[in-house]
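Protein sequences, first through last, are from chains S and L. Read in order, the letters of the first sequence are residues -4 to 382 in the numbering used here. Read in order, the letters of the second sequence are residues -4 to 266 in the numbering used here. Glycine included, every Cβ here is placed at the ideal spot set by N, Cα and C. Written out below as structure tokens is the structure these notes cover.
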Amino acid sequence: MILPFLDNSEIKFLQGNEACVKAALAVGCRFFAGYPITPSTEIAEGMAKELPKVNGTFIQMEDEIASLGAVIGASICGVKSLTATSGPGFSLKQEHIGYAVIAEIPCVIVNVMRGGPSTGLPTLPAQGDVMQARWGTHGDHPAIVLSPSSVREYYDLTIKAFNLSEKFRTPVILLPDEVIAHTREKVEIPKETRIINRQLPAPDANKAKHQPYAVNSADGVPVIPNFGEGFRFNITGLVHDATGFPAATPEITEKLLLRIHKKIAAGDNEIKGIEINLARNSDIVVLSYGSSFRSGAQAASETGVGTVKLTTLFPFPDKEIKELAKKVKTIIVVEMNLGQLVREVERAVAGQSPHGGLVKVYGINISNGLLIHPEIIVRKIKECQKT
Amino acid sequence: MSKDIKEYLRLDKFPHIWCPGCGHGIILQAVLRAIDRLQLDRDNIAVVSGIGCSSRAAGYVDFNTLHTTHGRALTFATGIKLAKPELTVIVLTGDGDCSAIGGNHLIHAARRNIDLNVIVFNNSIYGMTGGQYSPTTPTTDYAATAPYGNIDNAFDLCELTRAAGASYVARSTTFHAAQIPLLVEKGIKNKGFSFIDIITACPIYYGRMNKMPDAVDMLKTQRDNARNIKQWDIMTAEEKQGKFVIGELYNKPAPEYTDAYRQLREKTHAL
Chain S
-4 MILPFLDNSE
6 IKFLQGNEAC
16 VKAALAVGCR
26 FFAGYPITPS
36 TEIAEGMAKE
46 LPKVNGTFIQ
56 MEDEIASLGA
66 VIGASICGVK
76 SLTATSGPGF
86 SLKQEHIGYA
96 VIAEIPCVIV
106 NVMRGGPSTG
116 LPTLPAQGDV
126 MQARWGTHGD
136 HPAIVLSPSS
146 VREYYDLTIK
156 AFNLSEKFRT
166 PVILLPDEVI
176 AHTREKVEIP
186 KETRIINRQL
196 PAPDANKAKH
206 QPYAVNSADG
216 VPVIPNFGEG
226 FRFNITGLVH
236 DATGFPAATP
246 EITEKLLLRI
256 HKKIAAGDNE
266 IKGIEINLAR
276 NSDIVVLSYG
286 SSFRSGAQAA
296 SETGVGTVKL
306 TTLFPFPDKE
316 IKELAKKVKT
326 IIVVEMNLGQ
336 LVREVERAVA
346 GQSPHGGLVK
356 VYGINISNGL
366 LIHPEIIVRK
376 IKECQKT
Chain L
-4 MSKDIKEYLR
6 LDKFPHIWCP
16 GCGHGIILQA
26 VLRAIDRLQL
36 DRDNIAVVSG
46 IGCSSRAAGY
56 VDFNTLHTTH
66 GRALTFATGI
76 KLAKPELTVI
86 VLTGDGDCSA
96 IGGNHLIHAA
106 RRNIDLNVIV
116 FNNSIYGMTG
126 GQYSPTTPTT
136 DYAATAPYGN
146 IDNAFDLCEL
156 TRAAGASYVA
166 RSTTFHAAQI
176 PLLVEKGIKN
186 KGFSFIDIIT
196 ACPIYYGRMN
206 KMPDAVDMLK
216 TQRDNARNIK
226 QWDIMTAEEK
236 QGKFVIGELY
246 NKPAPEYTDA
256 YRQLREKTHA
266 L
């Protein structure tokens, strides 16, 4: 096939990580701190090249923990900030993910999933960090985790990640796998970008009396000023009250922890990302995310079954999966790990009994550094079709 | 002095957490005196701290204050300084915080010569967790985790940061309380990484375990063992045994990091 010559139009031939850089710049990210790690380094390289041109800042820090520390510091000053890493680096990032959760500092963390545990398979894909993305940092905390299955989706979800993090004042984890990060495909870049900025105090706010962590709106999100704008307030990783100072009574502790969970739950409509395509003549669906979805969709089209694509992994779409369980008899979950999101699906469908029988959930869970071949999925679908 | 330094304190957050005899309050008031002398706009000061007794200081002062994670204050401070170079950024930290868990961040912030002002509340012990030995606990001293005497060698934090690239390095003690504001003032004025190591007393944990349970005894030890830089330079190696140097140890202007990045930006604009 001969590709048509592309002039300076909005259609680009992009690698996943390059799309991430373009989207971050489009949504207003002006600070990046990172540490070199395969297979995410193209993001750091792209930001190093582009940020100074737009008066932004790039810094290569001494380690992964420092990178997220610097990102949070810049965000506290009102600058949209990004870091990118992969497995071993993501493990190190967990400390500051928790800090950003409790201090409610917007930031985006890209974790390009490679094979683990430990150094594992630095250049090969996996989807083994799903539960780490949900539960990696200590203590009770909510998580927003997005995972793209194409380069275009990587672009869109980068924008969504920033918007959600600004709106809900929380870290957002973007979880592409190595295949999506390194795949090059045609991307039509949207001409307009929907941008959400964090809410700041009104210009006439009483700076001495403003309580940075007080919540007066139903969304549960506090109006925290930026540093250096005259408010002189305190931010801490300790449990704190509405003033932002440490306080640890049972009432204050419970109120804070429940609020940071509820603000994410209340935003479900905006956060969720699920596409359900049921087949007219089949009660089987293939559910997947990331590059595994591409294999799953291929297998589904060959066998005439439905598909479910998740672009938001967490909060997990319990409600939608419970509804799905009323319509289908079999859910085949495909992922490059030894069984992570499949357990969430099992949990969500537990007790749902359409047609007088329980929904069957099968996992195709393979973790060997290879993209899951559609043929493997086709085989399982055919097996299910026979029974 | 134009103002009572109480004006810089969040007195509604008192009483503070520090034990009787602790030297941290001496350091904090000295830092506030330096800020007052410089007549800095409070809205443009960010105070960043880590974890430990020292790091609670940030909560008591009326600036933009950020209490971060253990050892990592400098990483947050780096992000703040890069995002808003117009802010004066002061990092309040302890010996364990900045030189053990945060040791890597310390040497790299110094290497960049980024315009941060680090004040170390150096009491040679982990106070908040109950008296475990730190990287500045002298060899043979006792600690909760060194019940038979410490076999580790101690860091000289001033030598460390100077070697790493800090452009201003100074040391004082809580006994030399009048000297501290002068050093902090010069540190803040220096456009680059300024490191000020203040030897302070933890009579409750360090002192009790090392035959100095009285705060005054600890201050006397600081007085007896500290030697001014001018004196130090003419002392023999033998005379230096068991003593340490105080004063302005290094002050040499060098290109500053946020300035260098601004120039880099301008270069890309010209492309």
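Within-8 Å CB hit, residue i to chain S
| i | result |
| --- | --- |
| R260 of chain L | yes |
| T263 of chain L | yes |
| H11 of chain L | no |
| T88 of chain L | no |
| T124 of chain L | no |
| R222 of chain L | no |
| R37 of chain L | yes |
| R157 of chain L | no |
| L152 of chain L | no |
| R166 of chain L | no |
| R67 of chain L | yes |
Proximity test, Cβ basis, 8 Å: residue i and chain L
| i | result |
| --- | --- |
| I71 of chain S | yes |
| L87 of chain S | no |
| M56 of chain S | yes |
| G82 of chain S | no |
| L1 of chain S | Bear in mind that a pLDDT of 47 at L1 of chain S, under 50, signals an unreliable position, so the model cannot answer this. |
| A121 of chain S | no |
| P47 of chain S | yes |
| E90 of chain S | yes |
Distance between beta carbons of residue j and residue i, contact taken as under 8 Å
| i | j | result |
| --- | --- | --- |
| A274 of chain S | G301 of chain S | 4 Å |
| N148 of chain L | D136 of chain L | Between D136 of chain L and N148 of chain L the Cβ distance is about 12 Å, and since that is not below 8 Å, they are no contact. |
| I71 of chain S | L159 of chain S | No, I71 of chain S and L159 of chain S are not in contact; Cβ-Cβ is about 18 Å, not under 8 Å. |
| A53 of chain L | A172 of chain L | Going by Cβ atoms, the distance from A53 of chain L to A172 of chain L rounds to 21 Å, so no, they are not a contact pair. |
| Q122 of chain S | S287 of chain S | 6 Å |
Within chain S, the residues that residue i reaches when beta carbons sit closer than 8 Å
| i | result |
| --- | --- |
| K8 of chain L | F240 |
| I75 of chain L | G68, A69, I71, C72 and F222 |
| V41 of chain L | Sequence check: residue 41 of chain L is Ala here, not Val. Going along chain S in sequence order, the residues near A41 of chain L (Cβ under 8 Å) are F222 and G223. |
| H103 of chain L | M56, E57 and A61 |
| N99 of chain L | E57, D58 and A61 |
| D57 of chain L | R227 |
Range of the contiguous beta strand (DSSP E) that encloses residue i
| i | result |
| --- | --- |
| Y443 of chain S | Residue 443 of chain S lies beyond the range of chain S shown here (-4 to 382); nothing can be said about it. |
| E183 of chain S | R179 to E183 |
| N112 of chain L | L111 to N117 |
| E243 of chain L | F239 to N246 |
| F27 of chain S | F26 to G29 |
Within chain L, the residues that residue i reaches when beta carbons sit closer than 9 Å
| i | result |
| --- | --- |
| T231 of chain S | A53, G54, T60, L61, H62 and T63 |
| T132 of chain S | Simply none; closest approach about 11 Å. |
| F26 of chain S | G74, L77 and A78 |
Endpoints, alpha helix (DSSP H) assigned at residue i
| i | result |
| --- | --- |
| K235 of chain L | A232 to K235 |
| I175 of chain L | Q174 to K184 |
| D219 of chain L | A210 to N220 |
| N99 of chain L | G98 to R107 |
| F150 of chain L | Taken as a continuous stretch (DSSP letters only), F150 of chain L belongs to no alpha helix (DSSP H), as it is neither H nor E. |
| P369 of chain S | P369 to K381 |
| F163 of chain S | V146 to F163 |
Cβ neighbour criterion (16 or more within 10 Å) applied to residue i
| i | result |
| --- | --- |
| L1 of chain S | In this prediction, L1 of chain S has a pLDDT of 47, which is less than 50 and means its spatial position is unreliable; nothing more can be read from the coordinates. |
| P198 of chain S | exposed |
| I371 of chain S | exposed |
| S362 of chain S | buried |
| C379 of chain S | buried |
| P112 of chain S | exposed |
| S49 of chain L | buried |
| S144 of chain S | buried |
| H136 of chain S | buried |
| H264 of chain L | exposed |
| A255 of chain L | exposed |
| I190 of chain S | exposed |
| K162 of chain S | buried |
Residue i beta carbon near the ligand ATP (any heavy atom closer than 7 Å)
| i | result |
| --- | --- |
| S160 of chain S | The model on display carries no ligand, and the ligand ATP is accordingly not part of it. |
Contacts of residue i in chain L (Cβ-Cβ under 7 Å)
| i | result |
| --- | --- |
| G364 of chain S | Chain L residues near G364 of chain S: none, gap ~31 Å exceeds 7 Å. |
| N192 of chain S | Residues of chain L passing the Cβ test: none, with the nearest at roughly 15 Å. |
Contact list for residue i against chain S, beta-carbon separation under 9 Å
| i | result |
| --- | --- |
| L82 of chain L | C72, F222 and G223 |
Chain-ordered chain L contacts of residue i [CB-CB under 8 Å]
| i | result |
| --- | --- |
| Y94 of chain S | T63 and T64 |
| G23 of chain S | Result: empty, since nearest Cβ-Cβ is about 13 Å, beyond 8 Å. |
| A65 of chain S | T70, F71, T73, G74 and L77 |
Contacts of residue i in chain S (Cβ-Cβ under 7 Å)
| i | result |
| --- | --- |
| Y256 of chain L | T52 |
| R203 of chain L | Near R203 of chain L there are no residues of chain S at all, since even the closest Cβ is about 27 Å away, more than 7 Å. |
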